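Chemist:
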Amino acid sequence: MFARLPDKPDHDALEREVLERWEREETFRRLREQNAGGPRFSFVDGPVTANKSLAVHTAWGRTLKDVFQRYKALRGHHQRYQNGFDCQGLWIEVGVERELGLNSKREIEEFGLAEFARRCREKVIWSARELTAGSIRLGQWMDWGADYFTFSDTNIDYIWRFLRLMHDRGRVYLGHRSTEWCPRCGTSLSQHELSQSGVYQDRSDPSLTVRFPLVDRAGESLVIWTTTPWTLPANVAAAVHPDASYGRRENGDWVMAARYPDEAFAEALPGSELVGLRYTGPFDTLPPGAAVEHRVIGWDEVSVDEGTGIVHIAPGCGAEDFELSRVHDLPILTPVDESGRFYDDYGWLHGTSTGDAADQIVGDLAERGLLVHAGLYEHRYPHCWRCDTPLIFRISDDWFLAVDELRQPLLDANATVEWTPAYMGKRMDDWLRNMGDWNISRRRYYGLPLPFYPCGCGRLNVVGSKEELLARATAPVEDLPELRRPWVDEVRIRCDACGEEVERIAEVGDVWLDAGIVPFSTLGWQSPEYVPGGYATGAAEGLTRADLPDHAYWEAWFPADWVSEMREQIRLWFYSQLFMSVALTGRAPFTKVLGYEKMLDETGREMHGSWGNMIDAQDAFARMGADVMRWQYCAQPPDRNLLFGFGPAREIQRKLLTLWNSVGFLVQYGNVESFTPQYADLEGVGADLGPLDRWLVERVRRLVEEATDAYERWLTVDVIRAFESFVDDLSNWYIRCSRRRFWEGDETALRVLWHAVVQSLRVVSPVLPFLAEHLWQVLVREPCDDAPDSVFLAGWPGVAAPDAASLDAMADARRIVDLGRTARATAGVKLRQPLARLVVEGATPARDLVAIVRDELRVRDVELGHVEAELVVKPNLPVLGPKLGSELGTVRAALAAGEFEELGGGRFRAAGHELSADEVLVERSARDGWAIASSDGVTVALDTELDDGLEREARVYELIHQVNTMRKEAGLALTDRIALTIPAADADLLEHGEWIKAETLAVSLDASGDAPALEKA
RNA sequence: GGGCGAUUAGCUCAGUCGGUUAGAGCGCCGCUCUGAUAAGGCGGAGGCCCCUGGUUCGAGUCCAGGAUCGCCCA
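Heads up: take any position in the first sequence, counting from 1, add 617, and you land on this note's numbering.
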C-alpha cells in the first residue's frame, strides 16, 4: 500500500519535511560514504561575498552547482563539497562603514581599525550563517561547517607566497599613472572592477567651451571643449590634429574647421602650424598653473567628431593625457587629494570637491571672458561599483602585476578549457588579449595586507609567508591575532639588502587575489603535511573545521573538473584564478566552465530593492517552493537572461501538478488492488507486456538517455525539456489510454506505471530533490523492503538504449489519433458518437497499436488503404526547383489550378512537364459523408455515416457519462455499487444493459423512471 | 568611438541545408473530453518576420547598407 497523496503538493511543507528527514537519517553523510571509493569529480566553489543573506540571484548559481554535484553523486563520484565565503575587500568594508554611519576614510581611522576589523568580521559571520541557512533550505548539499573563509591567515599566507614568487620573477612594480579613482572610497580601482555591471551609467555633466588666449598671436585664442571643469586648473597643454585644418573666426577664436562646416573663417592653418604656439592657461591665476608654460601639441587621436577639435590636456586627470605627458615631456599637475578635494596651493579652490568646484570654475571663467559656452552633456560615465560615486582620474602610485609575459600562456591555458556557452570562452580570450597590468593595491583597511616592505635603499622586500614575517620581525611579535591591519602594520622587519628597519606599505590587496588563490589554498598546494582544521586560522579561527590538505591532495583534486559562476566572473574570479594558476603551475585551474547570464524580474526589468520588484528568497521558498525555484533556474538556457518571478512559478507548479496527478493515480489504483511494487522492477519489468507497456518502457529508456546526455553537456534546460515531454507522454498517453486496465486491476499496468514514474523521479532528482525524495519515500522506500532509503542513495538508472523503431511506431499511431481528432472536430462529431470506420493512408500503424487507435477515436474498424478523395497535387520544391528553374512558377500555377493529368504510378503531367512521384506531394481533400485530415503525408478519413446502432451506442455513452457524474456528485466512493433507474424512454438501451451496469458499477438496472436516478446498493 | 549579438503573434521565445500555408508556450475567445487531473484535446482571433536594396526559380533564413535595442570594451 502507498501512503495517500493530497490533491496537490504543498511544496513548502513537503520540503521542510524532507529536510528534516535528510538531517535525521544523515542521508548526505551516507551518500558521501557510499561514493568515497568512487572516481573523483572535482568542483571548486567560487566564494560568495559574505555581506548579505541569500538572494534569489545567488540561489540560481547555487542551484546549478547543486544539480551537477547531485548528478555526479548519483553516478557514483567522490566529491569535496566545500563551500566558500569571500570575507574581505570593499564589499564588506563599505557595508559596515554605512551601518556605522561613517562617511570617509578619516572617520574610519578615528573609529579605530581594530574595532572596525571586528565589526567586519561580525558581518561576515552573520552573513555566512544566513547564506548557509538559505542554501540548505534551497536543498544545496555542501559540507557545511567545513567552508573556506578567504580571510583566514592560511589563505593570506598563500597569496603572500604567490606575490613573493611574482616579485622574484620581477613582475611586481609600483606604477605611477593616471587611474580611475573613487573619491569617496579614496582608492583607485582596477580594470576588472570597472568591468562590473552598473559601472557605466548615463549621466549629465557640464559641457564647456573655453578660450585659451594665445601668447604668440595677440588677440587670438584656442577654443577647447571639456566635460570636466575641475580638470582645467590642471591644464598644461592643448592638442590639435596635425593634419586637420583649423580656422580663425573674426573674433580671433581658433577651432577645427571641419567641426563648423557652415562658418566662414578669416584665416585657415593646418594643425601642424599651430603646434608649438604658447598660450595662457585657464587658471594661470593660481600658482600651479602659473608655473607652467602652456603650449600646443600635435596628437593624431584628436577627434574630428566631437568638441571643438582642440583638446584640453591635463596629464594629472586622464589616462591618455598622462601618456601624452611622457611623449611631450609635459609637467603633471595633480589638483586633488585622495578624497577628490583641491590641494591647498589651488588658492580659492582649496578643499572644494571636484563636483562642487564646477560652478565656481564656470563663474570664474565667465568673469574673465574666457567662457564661450556652458551647457549640459549626456554621456556614459564610470561610477564606483560599490558606492556609485562618479569616478575621477587621478595620478596615483599603485602596485601592479605585470601581465605581458603571462599573456600567451594565459591564452594557451584558456584554450584547454571547455566553456558553456562557448562564447564566454571567447570573451575570456578577448579580455586576455587586451587586459593591462593588474592593479592589486587598494588604499583601504579590511583586506589582504600586501606584504610589501620597500626600503630607502631601493630594495623592495616582499615577505612570502607569515612564518617569514615573524622570523624577520625586528621586535618580538606579541599581538598578531590576524594577518590584518592594524596588527600587521605594527610588525617591522629588516631590509635584507641594507639591514635598515622597514615597514609595510599601507595598502591592502585586490579582493580577487583572495578568491583567485582558492584552488591552491584550499587544496593544499605545496603544503608539506595534512593539517586537520588547518584552514581555521586568523580571522577564520572558530568558524570552520576546514582542513589544510597536503600537496598529494592537491595533485589529486587540481585542476577542478568543473566550475560555474555568472558571466560577470569571466574578468573577475575566472580570470584571477586563471592568472594565479598559470603563474604558479602553467595550467588552467579548471577544465570545464558553465557560465550563465543575468537575472531580471519577470517583466524583464532589473531587480532593485527600491523598485519593489526584488523577490526575497524566504518569500520565494514559502510561496513557490525550492523545487519550483530550482526548476525555474534549470529551465533557463544559460545564454539568455532569466526572467524570474511568481508568474512563471505558477506555470511550473501546474506542470508539476501533472506529474503529481500521475503519481496520485498510481497510488489510488495501486491501493485499490493492494499492489506491492518490487524494487527489482526498476531493472526490468519482465515479459507479458502489452503494446503500450512495451512502449512506455522504451519511452523511459529514451528519457534516461536524453537526460544523461543533457547533464553531460551541462545543460539543465535540456533535462527539463526531456522530462516535461516525458511527463506529458506518461500522463496524456500511457495513463489516458490505459485507464480501463487500471480500473480492472491489471497488475502489469500498475507495475509498468510504477517503473516509469520511479525512473523518471530518479532522473529529475538533481533538479527537484525534494519532490523526488518525497515521492521516493511513498512509492519505493515504504512499500519495498529492499529499497535504498533515499533516491540519492539509489544511483543512476542503468538501462539499455531505447528501441527507436518501437518509439517511432507509437509516434505514428499518435499522429493518426491526432488527425482523427482533427477530423472529428472538423466534421462536428463528438467522441461520444461511435463511428463505423477510419481509413488511414500514408502510415502503417503496427498491428498491435491499431486497437489503441480504435479505442481512442471510438471507431469500430480501422482500415489501411486508399482514401477516396479529391487529389491535391503540389510541387516538391527542393527537388523541382533546381530542375525546372524559372519554369517552376508555371508548373506550380498549373498544379494549383488543378490543370494536371494523372499518369499512374504516382506520376503526373502539368504545363508540359512530366513529374515523377518524388517530384510531387499529393494530398487529399474531403468528400461528402467523410471527414478527412492530413499532415506530413499521412491522411485519415472518418466515415461519418450513422446507423441506428451507432446512434444508440452514442446514447449509451451519454447515459454512462451522466450517471457517473451523478455518482461523483452524490459523493460515492470509486468502488460503491448502485441500483440504477433510467427513463422509460430509454428502454431500448437495455439492449446494452450489461455494458451500462459494468461502467456505472450498477447491480441492478431498470427503465422505469422519468430521469436517471441512482441509489447506493 | 570599436567589437559581439539581437530584432519573428499581446508576452517569452523556436524556426534545421534557402523551399510550399512562419510555429510553440503563456494569455484571450469558442467548442470538446474526463471513473486521476486545477489537467488534456480541437478550433479561432492575433504577424510589414525592423527597414531598404541585392543574390536566387524561390529569402524570416544568404549578402550589403541603414535603424533600434542589448552586452562587452574604450
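We put the beta carbon where it would ideally sit given N, CA and C, even for glycine. Note that the structure is predicted; figures quoted are calculated from it, not measured.
(1) With burial defined as no fewer than 16 other Cβ atoms inside 10 Å of the residue's Cβ, what is the status of Val944: buried or exposed?
(2) By alpha-carbon positions, which one of Gly933, His911, Asp938, Pro905 ends up nearest to Val919?
(3) Nearest-angstrom Cα distance between Pro1702 and Ala875?
(4) What beta strand (DSSP E) runs, 3 residues minimum, are completely inside the region 698-728?
(5) Could you pull out every unbroken beta strand (DSSP E) segment of at least 3 residues lying fully inside the region 1592-1631, listed in chain order?
(6) Per DSSP, Lys1209 forms a beta bridge with which residues?
(7) For Glu1214, which of Thr1208, Phe1207, Glu1223 has the nearest alpha-carbon?
(8) Roughly how many angstroms separate the alpha carbons of Leu1299 and Arg1438, rounded to a whole number?
(9) Smallest Cα separation from Asn868: which of Pro859, Pro830, Pro850?
(10) When the Cα atoms are used, what is the spatial distance from Thr1598 to Asp1560?
(11) Where do the ends of the alpha helix (DSSP H) carrying Cys1354 lie?
(12) In the DSSP assignment, the alpha helix (DSSP H) including Pro1495 goes from what residue to what residue?
(13) Which residues in the same chain as Pro1308 place their Cβ atom closer than 6 Å to its Cβ, once the five residues preceding and following it in sequence are excluded?
(14) Between Asp1623, Gly1588, Lys1633, which lies nearest to Arg1594 when the distance is taken from Cα to Cα?
(15) What residue range does the beta strand (DSSP E) around Asn1581 cover?
(16) What residue from Arg621, Ala931, Leu966 has the CA that sits closest to Leu903's CA?
(17) Leaving aside the five residues before and after Val1369 along the sequence, list all residues of the same chain whose C-beta is less than 6 Å from its C-beta, in chain order.
(18) Kindly list the residues whose CB is nearer than 7 Å to the CB of Asp770, restricted to its own chain and excluding five residues on each side of it in sequence; keep chain order.
(19) State the DSSP-derived secondary structure class of Gly864, mapped to helix, strand or coil.
(20) Leaving aside the five residues before and after Thr675 along the sequence, list all residues of the same chain whose C-beta is less than 7 Å from its C-beta, in chain order.
(21) Does Val1148 come out as helix, strand or coil in the three-state DSSP assignment?
(22) Return helix, strand or coil for Phe1282, following the three-state DSSP convention.
(23) Tell me whether the beta-carbon of Ala1469 lies closer than 7 Å to the beta-carbon of Val1557.
(24) For Phe1261, which three-state DSSP category applies?
(25) Please report the distance separating the alpha-carbon of Asp1178 from that of Glu1390.
(26) By alpha-carbon positions, which one of Gly906, Pro846, Trp1129, Leu1049 ends up nearest to Asp703?
(27) Between the alpha carbons of Ser670 and Leu707, how many angstroms are there, rounded?
(28) Nearest CA to the CA of Phe1207: which residue from Pro1136, Ala1039, Phe768, Gly1498?
(29) Can you tell me whether DSSP reads Val1336 as helix, strand or coil?
(30) Straight-line CA distance for Pro887 to Ser862?
(31) Are at least three pairs of beta-carbons, each pair with one atom in the region 1043-1063 and one in the region 1009-1017, less than 8 Å apart?
(32) Run the CB neighbour count on Met618, radius 10 Å, all protein chains shown included, and call it buried at 16 or more, exposed below.
(33) Give me, in chain order, the residues of the same chain whose beta-carbon lies closer than 8 Å to that of Arg1454; leave out the 5 immediate sequence neighbours on both sides.
(34) Please say whether Ser1013 and Ser805 have beta carbons closer to each other than 7 Å?
(35) Closest by CA to Ala1032, which one among Glu637, Asp1305, Gly1042?
(36) What does the alpha-carbon distance come out to for the pair Gly729 and Asn668?
Modeler: Taking the geometry as given:
(1) Around the beta carbon of Val944, fewer than 16 other beta carbons lie within 10 angstroms, which makes this residue exposed.
(2) It is Asp938.
(3) This structure leaves residue 1702 out entirely; the chain is present only between 618 and 1634.
(4) Those beta strand (DSSP E) runs which fall completely within the region 698-728 and span 3+ residues are 701-703.
(5) Within the region 1592-1631, the complete beta strand (DSSP E) runs of at least 3 residues fall at 1595-1600, 1619-1626.
(6) DSSP output for Lys1209 lists Glu1035 as bridge partner(s).
(7) The shortest C-alpha separation from Glu1214 is found at Glu1223.
(8) Using only the alpha carbons, I get a separation of about 35 Å.
(9) Asn868 has its Cα closest to that of Pro830, out of Pro859, Pro830, Pro850.
(10) C-alpha separation (whole angstroms): 34 Å.
(11) 1353-1360 is the span of the alpha helix (DSSP H), which, as asked, contains Cys1354.
(12) Taken as a continuous stretch (DSSP letters only), the alpha helix (DSSP H) holding Pro1495 covers 1494-1501.
(13) Excluding residues within five positions, the ones whose Cβ falls inside 6 Å are Asp1465, Leu1466.
(14) Selected option, being the one with the closest Cα: Lys1633.
(15) Going by DSSP, Asn1581 is part of no beta strand (DSSP E) but of the alpha helix (DSSP H) stretching over 1565-1586.
(16) Measuring from the Cα of Leu903, the nearest candidate turns out to be Leu966.
(17) The residues Val1302, Asp1310, Leu1313, in chain order, have a CB closer than 6 Å to that of Val1369 in the same chain once the five nearest residues on each side in sequence are set aside.
(18) Result list for Asp770: Lys1083, Glu1099, Leu1100, Thr1154, Gly1155, in chain order.
(19) In the structure shown, Gly864 falls within a strand segment according to DSSP collapsed to helix, strand and coil.
(20) So the list reads Val665, once near-sequence residues are dropped.
(21) The three-state secondary structure of Val1148, taken from DSSP, is strand.
(22) It is helical.
(23) According to the sequence shown, residue 1469 is Ile rather than Ala. No, they are not a contact pair.
(24) Note: Phe1261 maps to strand in three-state DSSP.
(25) Rounded to the nearest angstrom, the two C-alpha atoms are 27 Å apart.
(26) Nearest C-alpha to Asp703 among Gly906, Pro846, Trp1129, Leu1049: Trp1129.
(27) Answer to the nearest angstrom: the Cα atoms are 17 Å apart.
(28) The residue with the shortest Cα to Cα distance from Phe1207 is Pro1136.
(29) Here Val1336 sits in helix by DSSP.
(30) Taking the straight line from one Cα to the other gives about 4 Å.
(31) Because the criterion of three Cβ pairs below 8 Å is met, the region 1043-1063 and the region 1009-1017 touch.
(32) Within 10 angstroms of the beta-carbon of Met618 lie fewer than 16 other beta-carbons, which makes it exposed.
(33) For Arg1454, same chain residues with a beta-carbon under 8 Å away, outside a window of 5 residues either side, are Val1476, Arg1477, Asp1478, Val1479, Glu1480, Leu1559, Asp1560 in chain order.
(34) Yes.
(35) Sorting Glu637, Asp1305, Gly1042 by C-alpha distance to the C-alpha of Ala1032 places Gly1042 at the top.
(36) Separation of Gly729 and Asn668 (C-alpha to C-alpha, rounded to the nearest whole angstrom) is 21 Å.
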